[in-house]
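Read the structure below first, then the notes.
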Amino acid sequence: MPEPLIEIKNLSVYFYTYAGIVKAIEDVSFDIYRGETLALVGETGCGKSVTSRAITRLIESPGRIVNGQVIYHKDDGSKVDLLTLSDEEIREIRGNEIAYIFQDPHSSLDPLYTIGYQVGEAMEVHGKVKNIKEGITKAVNVLREVMLPDPENRVKNYPHELSGGMKQRVVIGVGIANNPRLLIADEPTTALDVTVQAQILDLLNELKKKYNATVLLITHNLGVVAETAQRVVVMYAGKIVEIGTVDQVFHNPLHPYTAALLKAVPNPLGEIETLESIPGTVPNLITPPTGCRFHPRCPFATQTCRTEVPSLKEIEPNHFVACHRY
Amino acid sequence: MGNNTKEAYEEREEYEMSILDKISDKIIDGVALFINLIKRDWKKRNQSKIQEWKLMAYALNRSPPALLGLVIVIAYIILGIIGPYLASWPYDFFPVMYNSTSRLAAPGSNVFLNVTMVKNWHVIHYTTTVHYSIGSDLFGRDLLSVLLAGARTALVLDVFIILIGPTFGIILGLISGYHGGAIDEIIMRITDMFLAFPGLILAIALSAVLPGRIQNFLNYHPFAQTLVLKLFALEPRDVNNLGKLLAVFVALIIVWWPGYTRIARGSTLTERENLYVEAARAIGLSSRTIMFRHILPNIIGPILVMITMDFGNVILTEAGLSFLGLGAVPPIPDWGNLINQGAQYFPQAWWLVAFPGIVIVTVVLGWNLLGDGLRDILDPRTRRSMEFKVKKKSRTEGGESNA
Amino acid sequence: MEPVLSVENLKKYFPVRSLLRTIAWVKAVDGVSFDIYPGETFGLVGESGCGKTTTGRTILRLIQPTSGRILFQGKDVTKLKGKELLWFRRHAQIMFQDPYSSLDPRQTVFNTIMEPVKFHGIKVDDPEEFVIKLLESVGLNEMHLYRYPHEFSGGQRQRIALAKILALRPDFVVLDEPTSALDVSVQANILNTLKELQKDYGFSYLFISHDLGVVKYMSHRMGVMYLGKLVEVGPSTKIFENPLHPYTQMLLSAIPVPDPEIARELKAKRKMVKGEPPSPINPPAGCRFHPRCPFAKDICRREEPPFVKVEDDHYVACWLYAKS
Amino acid sequence: MAGLGKFLVRRGLTFVPTLIGVTLIVFIIAYVIPANPVRAWAGGEKATKAAVELIKAEYHLNQPWYDQYLFLIKGLFTNSLLDPLNQVPVFTNIGNRFIVTFQLALFAFFFVVLMGLPLGIISAIKRNSITDMVLRILALVFISTPIYVMAYLFIWVFFIHWNLTTLAGIPPAPPHQITHIPVIDSIITLNWSNFVEQVQRFWLPGFTLGIAAAGVLMRFTRNSFLEAYSRDSTLFLKAKGVPKSRLYRHVLKNALVPVITILALQFGGLLAGTPITETIFNLPGIGLYALQSVMYLDFPALIGVTFLYAIVFVTANLIADILYALVDPRVRF
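Protein chains in written order, with the numbering used here: chain A, 283 to 608; chain B, 103 to 505; chain C, -8 to 315; chain D, 16 to 348.
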């Protein structure tokens, strides 16, 4: 039995906007196991980013975590609910035990500080180094780890002097500077070109092996999932629809949404006759559909789907689905 | 605990129509109906636009500062139109000629006048008492009456300056931003020149230099003369004072365009990056069509905010010039000029500074509040969210049959 | 068969200005040639900054080319003026990547679609009827007639853009990453509609994309671009089966494949993916790909490789296949 | 920084057309539009024909327009252009007055920064709260109040009621002059009593002059701060575990980039906005000089003043550019 690092239980995040309450995620529960790469997949606005940010309460106003628990299993075996910590305690965890990498490396870094400063700062604020000067010295090693060429001189560079791929390496460097237990990578390669994307994914894999870290990978790209992750969580309209290993989900998708999604991606190396599209549009999360949120677009929808919310059921070992068909 | 807040928010989700909303709905429907009379099918084709207007009105109704601004602005416009007729004493009636105690009379005082004047070749003789509710000026004129008459001067200058200056500026900015290259370079250099010029100094120089020319022009064009007199609600015998008044007008127009050229150029440059502009070029549309039909409507939002606020700034600057003794001269009723008179007798004749000052501050603040509010109202995001709530409301009212 | 469009040695250099002097040139497109035949989709792939978008816009004369010829139905587009240019504008259209900025937010759907029709003087008996028909053919309906773009989703907006193009009945359409801003489920929908329209109306497409999967699905023939130059041209199936140019091979090994087994196999081959595309301001001498190429030889550093025909219709610009 | 010299030269060259343009505008205003000003210079209606002719010859008024223009510009550069009213070179006239105006603008600028920046930041940090609303309305009131109304209000409160300021004369400069700006000299030479005198005379005009600009700066700072706060890099800093104080430091530095530009331009604006303030507070600065030269149709003086203003504007722009480049590493000379 794999040992969980994080248990997310019944997490709900709402955004109190001018237009009304956006129920960004509702009742989301899943575990992240120690040492695995877990992929969180879904289309724009399905709540995957919100879920990942809610883990360390990085939800900006007007968003609010309205319900749930995020149980973090520390190395010493003790457990703590991250959602009940004080601001200072959660700050100690962010960037130290749980680190983030965001989508767009161009906007993640502060343009007015050198990259050495920004990596060093990550260590300084967690007391890993005495002052920023030492931090910048140590940053050279970190940047070498992320395979940034010529790190000794690069620490003095400002972000704008680096290419997109190099910036993303710096962002990863900030993430791993404190040797975190969990690395949350939120669409880390979406803003990059394919060849650079491949290199960044490789780098992430290598670092993960080296530090025995756990990775939560958020992406909409099923290809990236297939090659990097061990397990997959599929989200649709703020809800989890399916959880399973990569092979289970890709070869035996249970939820109609997962199945349809897989058929809609053109596989460049396989034979493609026709792509199947999903009719309808993603629902508005202020007034989400009743029952199963996928029912308006589902070819198998029945009366039950319209009224009752399906819960996650384990169909085969470690393979869960939230669908009334099972 | 979480549940409580959840419900509290849920209750607020739908948009409750207030009386103001219903009134604004009625007004907009009325306008739409009117346009429909002129243009067939207009209403049908512009359903979305009408809806948009209504939503903007709702957004306005929910912003108290903007509403306050609107009320002040409407009051100012109404006073500007009918103010001269509300004044209890004509602006060119000088009580000081008949009783010197009426000069700088304090608020609340009454002055008895023994008037002898010539009108239509007849000598008229009568006695009267003037009540100075908020004091009098150097000529013994009732301050309240002069303030009311001055509203017209302020409004006419305001409206015409804003109509001409910014329009010119926006057109230049559009051309400059859309075409780029050498045209842009030339226009922007000229704009820079005018920006490098402190507006106040330029206006001062122009208003000192122009009156003679303008006076000449008016003397040779009786039609223009009557028109201007009518616009400012002035008596024909003030015709020789028009030159100075209009000098300020021309000076401010010349000062008022470069800012708009800058802004319009900047927004055009950004807007030009949008693909719909490229799409329009791919169809083959002419530059003029693209600039005025496609780009202009999309950049006008922030410019409207600026225009609104500048209605206030024009009043400030115009009054500033009159304060310096340029532009309107007595007896032409003008707020800035009253302060100029009062300044020499400050603090004894404090009312001459205080009341016109309060009027100016109020009107300018009104325009600024409205402009500040417009920024939100014109922002599509505000509208979208209102729209959602209104729709939700109508759906719950309509019952399930609609779902 | 006569090509609808042939591009011959197209070049577009953008000046880099400092004050009034031009200090350098961005060689966005540097000598590109290809043909597109009636009813065909020609795919153009490459990474960001390789010049594929510039190529598309230059072909439509949205950008004036630096040099080269573009023949559209036998006429040189670069020299068209007045009436003839209008004729070209009517028969060659473009669909853009970003559905959020490609429609004028202040125009209703009806106006958006009717504007080009009126402008080109196409006689329409009942404009409303005409627009409704067009909307229906792209999967929208008359409810949408007088709405504004903000009332639609990304996919629906792309459909409106399509209807607008359809209204002019063009012969040739440049599709500039038409689905890269959309979610996969919507993407499939738009791609299928595009294919159907091609079948019904016989359009020729220039399909520009960075997504190899999508290009494979859409195009009959394709070209791979790197730093302003075409490095490989051929039928899509052949290029995917047997990529010749090392860059094409690198691209193909870099794409994440949505199949865990193939993905694991591919990962092993990943070793050859290295480096990032250099700036097009001072491209490397010789073959532009040589700094990243695992097979780079001496000659690659010195001389530009010629385009050679390796098999029918399959061309590559690489010294591995050419004799110096 | 190696490119700084080159940058200055290059920017300097782009200013030349602006300066020529500005003086040309004044020239056109002065010589094309109005009636002949010579009579006024010669002493009004009673002037003799000979005197008028003499003046005409002296100011090249009988020559073609370009000769007149060149005469004026050359006169300005060599400081040989005499003010026809008092026969002193224009720039000598301006020089002494400029010190007064500069000191006034300095005081105003002090208040602008002192009020505008912190209040704007507070307003942004406490956004959408009561404090924010009060501050925003306050800023609007600052912007909406005419300077002359404000001035008389303040005079009544601070001079007539509390007598916290002097309104007549100009305190002498401290005996030891270094920068020739009295208040700065008095600080440098630790001349405390002179410093107090200077402050007593100048603080109220400065405060009055600066208050509208302070309102503008408040609004600008607030928006700029919020814009910087809403960037993705802020979220990334939070995800890094950066404490709040440090987070605000990052945001503030980013927000200051545009604010600095505005500040430099505002200083130029303050210098130009002095005619009213100087009139009310009776300060013999260039604003007042410009006003007088307009009244007496003294165009050589006016052209000198506008030339000076244009130089100030252009310099302010230049300083803004330099500061911008110093703060933001993305901008290179």
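C-beta: ideal position from N, C-alpha, C; glycine also.
- Shown here for B:A253: same chain residues with a beta carbon closer than 6 Å to its own, the five before and five after excluded, namely L181, G182, G185 in chain order.
- Looking at the backbone, the Cα of B:R374 and that of B:E380 are separated by about 8 Å.
- Any Cβ of chain C closer than 9 Å to the Cβ of B:K156 would place that residue at the interface, and such an atom is absent.
- C:D117 sits away from C:P226, with the two beta carbons spaced by 9 Å or more.
- Of all residues in the stretch 350 to 380 of chain B, the ones placed with a Cβ closer than 7 Å to any Cβ belonging to chain C are N376, L377, Y378, E380, in chain order.
- For B:S150, at least one C-beta of chain C is nearer than 9 Å to its own C-beta.
- Looking at the DSSP output, A:G302 bridges to A:T299.
- Contact of B:N342 with chain D is not assigned, every C-beta pair being separated by 9 Å or more.
- Interface annotation, B:A134: not in contact with chain C, CB-CB separation never under 9 Å.
- The C-beta distance from A:A604 to A:K521 rounds to 7 Å, short enough to meet the 8 Å contact threshold.
- Counting only residues of its own chain and dropping the five nearest sequence neighbours on each side, B:L240 has a CB closer than 7 Å to the CB of R205, L206, Q443.
- B:R367 sits close to B:D286, with the two beta carbons spaced by under 9 Å.
- With respect to D:I291, B:F425 sits close: the two C-beta atoms are nearer than 9 Å.
- Note: A:N349 is bridge-paired with A:S294 in the DSSP secondary-structure output.
- Between C:M86 and C:L153, the gap from beta carbon to beta carbon is short of 9 Å.
- Annotation for B:R315: the continuous alpha helix (DSSP H) segment containing it runs 313 to 322.
- Contact between A:L486 and A:P462 does not hold, since their C-beta atoms are separated by about 13 Å, which reaches or exceeds 8 Å.
- By the rule that beta-carbons nearer than 9 Å mark a contact, C:A152 touches chain B.
- Per the coordinates, the alpha-carbon of A:H388 lies some 17 Å from the alpha-carbon of C:P269.
- Shown in chain order are the members of the stretch 165 to 195 of chain C whose Cβ falls below 8 Å from a Cβ of chain A: D174, V175, S176, V177, Q178, A179, N180, L182, N183.
- B:N148 and C:P(-6) have their C-alpha atoms some 44 Å from each other.
- D475, V476, T477, V478, Q479: these are the residues of the stretch 465 to 479 of chain A whose beta carbon lies less than 8 Å from some beta carbon of chain C, given in chain order.
- At a cut-off of 9 Å between beta-carbon atoms, A:L322 makes no contact with chain D.
- Per DSSP, reduced to three states, the secondary structure at B:I125 is helical.
- Within the stretch 37 to 54 of chain C, contact with chain B at the beta-carbon level (separation under 7 Å) is assigned to L51, L53.
- Residue-level contact check: C:E223 does not touch chain A, since none of the beta carbons of chain A fall below 9 Å from its beta carbon.
- Taking the beta carbon of B:A298 as reference, the chain D residues within 7 Å of it are T33, V37, A325, F328, V329, listed in sequence order.
- Counting only Cβ-Cβ distances below 7 Å, A:I560 has contacts in chain C at S176, in chain order.
- About 25 Å separates the Cβ atoms of C:D21 and B:L377, ruling out a contact at the 8 Å cut-off.
- Contact check for A:A306 against A:G324 fails: the beta carbons are separated by 9 Å or more.
- Counting other Cβ atoms within 10 Å of its Cβ, D:K253 reaches 16 or more and is therefore classed as buried.
- Beyond the five residues adjoining it in sequence on each side, B:F351 comes within less than 6 Å, by CB distance, of L259 in the same chain, given in chain order.
- Among the residues of chain D, those whose CB is under 7 Å from the CB of B:V466 are S159, following chain order.
- Annotation: the continuous alpha helix (DSSP H) that includes B:T255 extends over 245 to 281.
- Contact between the stretch 213 to 230 of chain B and the stretch 465 to 478 of chain B is not established, with fewer than three Cβ pairs separated by less than 8 Å.
- In the three-state reduction of the DSSP assignment, C:S200 falls in the strand class.
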